[in-house]
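Colleague: In our numbering, the protein residues as written are 6 to 565.
This is the structure I want to talk about, given as structure tokens.
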């Protein structure tokens, strides 16, 4: 009897502490009071599917937080209500024990966003230039792809500004934006939280959010290998399956094939701006004058090309200023062209980093531009690893997949090889993919894939950016050489600055250049656990961290 009482007491304490971490509360005593969250907003229980239910629970919490923020001006409920809120949430779920089913990390719902808890604190922490676009674009109905895109674009800038401070702020921006729009409407929850809501009111006053079905989107189902097959009547009588009904559950635009042909001047050869094993990339102009890039996949089947569906799925699931933005897609079948699969993204006026370092647009980039590209790429990867839910491992970070806009802002692109990383998994065993010279050794040798595989690839790209040399190049004797070996040998001999390209325009301070070299070498460390995480990389690159503190981490000689 006594043993049972102790067990219940311990269980109560653990439940309380877990809910405290979820809602950013840390009371000295766990005194339960009535929960102020409006659980009547949740009308549909999360899926029984173990692969999606934890994410659905997080989205439900964000809806509750958005409603509470709108009513009270605070992101989180009082600390002494945490226990009752947890009980209410568990009672609503009731199909399974959340404690054992979902180890929900506090970072998933912004537990520590610069110690911000109220609207006034949040707005005082950001410049008006960042907040104003959100006020202007999100304070309207978000039911249409255009209004949603404008709001999301403003949020991406706000997200980026917060991510520069801490990656734990990723949910706060959407919660803040939701307070300006109508949570009763279909568009807000669909645009900001990727869920469906009811447009009706209860008693004319209360928001009624109907969570019809989390993650019904074919994007996410396809990610876990669940393929919907259906028939779609085409104008020419052809049957197309796969992506015909993808658009209803997303905010993406589904372009017609005629619109794509018009935008690219019928896929004119003069409009080709990139080529790869997947097919060609064309530049084009939409009917409203917007310049776009169109990635046309080749060798597609009637059921849809798996690489196409996967890439659309991944790009559509993320939003960040340093990730390429997806505008829409096209699936079609014609007598002449066969099965067409096309991805439409924003056009990057300055091409890729590879173009500027080694390609047709090669020129001597100044240090401020190189530093901007390095930081942007690091922030984009940090978002994939710690901001996206579930997290994403890119698997193919290289210079040609870092695109540059008109301001030389870096955009990580090409998600054809990306992998969703289920929560709680330390690594995945998968077939080796990527590009020689950029692939981490543990992945190349054993197929062991982790987020730090991307860190290694980022280190190689950073070395290319600093040195102007390719990942695999010819040395002074005309012999093939790996850039990582070259850089390690210089650092080992206390000649880190010799990595820097000769004649670099507007070179930065010596201590900054040396720090960047050491960070790049540390990212390329042959030992997996010796590499920093991407959020640590961002911090090292942004802050005035002493060189000695970085050098101390390079304690293993990869050569000798």
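Beta carbons are placed, not taken as given, at the ideal position from N, Cα and C, and that holds for glycine.
Where do the ends of the alpha helix (DSSP H) carrying residue 403 lie?
Modeller: Taking the chain shown and counting its residues from 1, one reaches residue 403 at position 398. No alpha helix (DSSP H) holds residue 403; DSSP gives it neither H nor E.
Colleague: Thinking C-beta only, is residue 291 closer than 8 Å to residue 357?
Modeller: The count along the chain shown starts at 1 and reaches residue 357 at position 352. The count along the chain shown starts at 1 and reaches residue 291 at position 286. No, the Cβ-Cβ distance between residue 357 and residue 291 is not below 8 Å.
Colleague: Excluding five sequence neighbours on each side, which residues of the same chain lie with their C-beta closer than 6 Å to the C-beta of residue 316?
Modeller: Counting from one through the chain shown, the residue named residue 316 turns up at place 311. Once the five neighbours on either side are set aside, the close Cβ partners of residue 316 are 420, 421.
Colleague: Sort out for me which residues DSSP pairs residue 351 with in a bridge.
Modeller: As a working mapping, residue 351 is identified with position 346 in the chain shown. Beta-bridge pairing links residue 351 to 297.
Colleague: In whole angstroms, what separates the C-alpha of residue 278 from that of residue 271?
Modeller: One-based indexing of the chain shown puts residue 278 at position 273. One-based indexing of the chain shown puts residue 271 at position 266. Those two C-alpha atoms are separated by around 15 Å.
Colleague: Buried or exposed: residue 304, going by 16 or more other Cβ atoms within 10 Å of its Cβ?
Modeller: Translated into the one-based positions of the chain shown, residue 304 becomes position 299. It is exposed - the Cβ of residue 304 has fewer than 16 other Cβ atoms within 10 Å.
Colleague: Do residue 468 and residue 517 have their C-beta atoms closer together than 8 Å?
Modeller: The residue given as residue 468 occupies position 463 in the chain shown. The residue given as residue 517 occupies position 512 in the chain shown. Cβ atoms of residue 468 and residue 517: not closer than 8 Å.
Colleague: For a minimum of 3 consecutive residues, which ranges assigned as the beta strand (DSSP E) are wholly contained in the segment 422 to 509?
Modeller: Uninterrupted beta strand (DSSP E) stretches at least 3 residues long and entirely within the segment 422 to 509 occur at 424 to 426, 477 to 479, 485 to 487, given in chain order.
Colleague: From 377, 457, 43, 451, pick the residue whose C-alpha is nearest to that of residue 4; which is it?
Modeller: With the chain covering 6 to 565 only, the question about residue 4 has no answer from this structure.
Colleague: Starting from residue 543, trace the alpha helix (DSSP H) both ways and give me its first and last residue.
Modeller: Walking along the chain shown from the start, residue 543 turns up at place 538. Per DSSP, residue 543 belongs to the alpha helix (DSSP H) from 539 to 547.
Colleague: When you compare only the Cα positions, how much space is there between residue 182 and residue 45?
Modeller: Taking the first residue of the chain shown as 1, we reach residue 182 at position 177. Taking the first residue of the chain shown as 1, we reach residue 45 at position 40. Computed Cα separation, rounded: 22 Å.
Colleague: Quick one, are the C-beta atoms of residue 416 and residue 443 less than 8 Å apart?
Modeller: As a first step, residue 416 must be located in the chain shown, where it is residue number 411. As a first step, residue 443 must be located in the chain shown, where it is residue number 438. Cβ atoms of residue 416 and residue 443: not closer than 8 Å.
Colleague: Taking the straight line between their C-alpha atoms, what separation do you get for residue 548 and residue 542?
Modeller: Your numbering for residue 548 matches position 543 in the chain shown. Your numbering for residue 542 matches position 537 in the chain shown. Looking at the two C-alpha atoms, the distance is approximately 10 Å.
Colleague: Taking the beta strand (DSSP E) that residue 566 belongs to, which residues open and close that run?
Modeller: With the chain covering only 6 through 565, there is no way to say anything about residue 566.
Colleague: Can you tell me the Cα-Cα spacing of residue 275 and residue 285, whole angstroms?
Modeller: Position 270 of the chain shown, counting from 1, holds the residue named residue 275. Position 280 of the chain shown, counting from 1, holds the residue named residue 285. Residue 275 and residue 285 have their C-alpha atoms roughly 12 Å apart.
Colleague: Counting only the same chain and skipping the five closest in sequence on each side, list residues whose C-beta sits under 6 Å from that of residue 143.
Modeller: In the chain shown, counting from the first residue as 1, residue 143 sits at position 138. These residues qualify, in order along the chain: 156, 182, 185, 186.
Colleague: Pair every Cβ in the segment 439 to 454 with every Cβ in the segment 314 to 330, then say whether three or more of these pairs are closer than 8 Å.
Modeller: no
Colleague: Which class does residue 134 belong to by DSSP, given the choice of helix, strand or coil?
Modeller: The residue given as residue 134 occupies position 129 in the chain shown. Helix.
Colleague: List the endpoints of the continuous beta strand (DSSP E) containing residue 332.
Modeller: On the chain shown, residue 332 is found 327 positions in, with the first residue counted as 1. From DSSP, the beta strand (DSSP E) with residue 332 extends over 331 to 339.
Colleague: In its own chain, which residues sit with a C-beta less than 8 Å from the C-beta of residue 324, not counting the 5 before and 5 after it?
Modeller: The residue labelled residue 324 in the question sits at position 319 within the chain shown. Around residue 324: 157, 160, 161, 164, 330.
Colleague: Would DSSP call residue 361 helix, strand or coil?
Modeller: Indexing the chain shown from 1 puts residue 361 at position 356. Assigned with DSSP and collapsed to three states, residue 361 falls in helix.
Colleague: Which same chain residues end up closer than 8 Å to residue 79 when comparing Cβ atoms and leaving out the 5 residues on each side of it in sequence?
Modeller: By 1-based counting over the chain shown, the position of residue 79 is 74. Within the same chain, residue 79 has close Cβ partners 73, 122, 123, 124.
Colleague: Which value, in whole angstroms, describes the spacing of the CA atoms of residue 140 and residue 152?
Modeller: In the chain shown, the residue the question calls residue 140 occupies position 135. In the chain shown, the residue the question calls residue 152 occupies position 147. If you take the alpha carbons of residue 140 and residue 152, they lie about 13 Å apart.
Colleague: Considering residue 396, what are the terminal residues of the beta strand (DSSP E) in which it resides?
Modeller: Here residue 396 refers to the residue found at position 391 of the chain shown. 396 to 398 is the span of the beta strand (DSSP E), which, as asked, contains residue 396.
Colleague: Assuming residue 287 and residue 269 form a contact by the criterion Cβ under 8 Å, report the distance between their Cβ atoms to the nearest whole angstrom.
Modeller: Within the chain shown, residue 287 is the residue found at index 282, counting from 1. Within the chain shown, residue 269 is the residue found at index 264, counting from 1. The Cβ separation is near 5 Å, so the contact holds.
Colleague: Once the 5 residues before and after residue 43 are set aside, which same chain residues still bring their CB inside 6 Å of it?
Modeller: As a first step, residue 43 must be located in the chain shown, where it is residue number 38. Within the same chain, residue 43 has close Cβ partners 72.
Colleague: Quick one, which of 128, 180, 523 has its alpha-carbon nearest residue 66's?
Modeller: Stepping through the chain shown from its first residue, residue 66 is reached at position 61. The candidate whose alpha carbon is nearest that of residue 66 is 180.
Colleague: How about residue 3 and residue 86: do their beta carbons lie closer than 8 Å?
Modeller: Residue numbering for the chain in the displayed model covers 6 to 565; residue 3 lies beyond these limits and cannot be assessed.
Colleague: Any idea if residue 353 is buried or exposed, counting beta-carbon neighbours within 10 angstroms, 16 or more meaning buried?
Modeller: Numbered from 1 along the chain shown, position 348 holds the residue referred to as residue 353. It is buried - the Cβ of residue 353 has at least 16 other Cβ atoms within 10 Å.
Colleague: Please report the straight-line C-alpha distance between residue 346 and residue 296, rounded to a whole angstrom.
Modeller: One-based indexing of the chain shown puts residue 346 at position 341. One-based indexing of the chain shown puts residue 296 at position 291. Just so you know, the alpha carbons of residue 346 and residue 296 end up roughly 19 Å apart.
Colleague: Can you give the beta carbon distance from residue 438 to residue 398, rounded, assuming they're within the 8 Å contact cut?
Modeller: Walking along the chain shown from the start, residue 438 turns up at place 433. Walking along the chain shown from the start, residue 398 turns up at place 393. Residue 438 to residue 398, Cβ: 11 Å. No contact.
Colleague: Buried or exposed: which applies to residue 534, given that a residue is buried once 16 or more other Cβ atoms fall within 10 Å of its Cβ?
Modeller: Counting from one through the chain shown, the residue named residue 534 turns up at place 529. Residue 534 should be labelled exposed.
Colleague: Just the Cα atoms here: how many angstroms apart are residue 506 and residue 473?
Modeller: Reading the chain shown from its first residue, position 501 is the one you call residue 506. Reading the chain shown from its first residue, position 468 is the one you call residue 473. A straight-line Cα-Cα distance of about 6 Å links residue 506 and residue 473.
Colleague: Assign residue 445 to buried or exposed, taking buried as 16 or more other Cβ atoms, counted over all protein chains shown, within 10 Å of its Cβ.
Modeller: As a position in the chain shown, residue 445 is number 440, starting the count at 1. Counting Cβ neighbours within 10 Å, residue 445 comes out buried, since at least 16 surround it.
Colleague: Compute the Euclidean distance between the alpha carbons of residue 514 and residue 391, then round it to the nearest angstrom.
Modeller: Position 509 of the chain shown, counted from the start, is the residue given in the question as residue 514. Position 386 of the chain shown, counted from the start, is the residue given in the question as residue 391. About 31 Å.
Colleague: Start and end of the alpha helix (DSSP H) containing residue 266?
Modeller: Counted from its first residue, the chain shown places residue 266 at position 261. Counting along the chain, the alpha helix (DSSP H) containing residue 266 begins and ends at 262 to 268.
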